[in-house]
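Single-structure report; data block below.
Okay, here's the thing in structure tokens:
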């Protein structure tokens with residue numbers, strides 16, 4: 020008996036199946052047969068849909084979308100550090116004769 024290759028379902032398909040499960044018009048077994056998906060997978064998608072439903076209306080999205088503040092001083096320090104290392108390496112290559120004459 021050969022195994023079926025792993026399938027990747029699109030988000031639209033998952034939403035369609037999960038919404039059908041939320042409606043409750045058919046049993047999980049009927050939905051599983053209709054969509055050719057295991058009933059446990061339907062239950063998982065249904066709970067993911069219900070858990071994320073509040074985010075659709077903006078209740079959690081405002082709190083989650085707040086990006087962390089960028090520390091400009093740290094970025095400037097890193098740029099200086101990289102510039103120093105670049106200059107050092109360019110000088111070392113120049114002394115070793117490996118740097119083209121146009122770069123000296």
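Numbering (our numbering), first residue to last: 20 to 123.
Note that the Cβ used here is the ideal one computed from N, Cα and C, for glycine as well.
Identity of the residue in the options nearest residue i by Cα
| i | options | result |
| --- | --- | --- |
| residue 25 | 37, 49, 91 and 57 | 57 |
Distance between beta carbons of residue j and residue i, contact taken as under 8 Å
| i | j | result |
| --- | --- | --- |
| residue 34 | residue 68 | 7 Å |
| residue 40 | residue 61 | 5 Å |
| residue 31 | residue 64 | About 12 Å; that fails the 8 Å criterion. |
| residue 101 | residue 109 | About 12 Å separates the two Cβ atoms, so there is no contact after all. |
Delimiting residues of the alpha helix (DSSP H) encompassing residue i
| i | result |
| --- | --- |
| residue 65 | 58 to 75 |
| residue 106 | 91 to 115 |
| residue 49 | 47 to 54 |
| residue 88 | Residue 88 -> no alpha helix (DSSP H), and no H or E assigned at all. |
| residue 38 | 30 to 42 |
Cβ-based burial, residue i [other Cβ within 10 Å; buried from 16]
| i | result |
| --- | --- |
| residue 29 | exposed |
| residue 50 | buried |
| residue 80 | Because residue 80 carries a pLDDT of 48, less than 50, the predicted location of this residue cannot be relied on, and no value is offered for it. |
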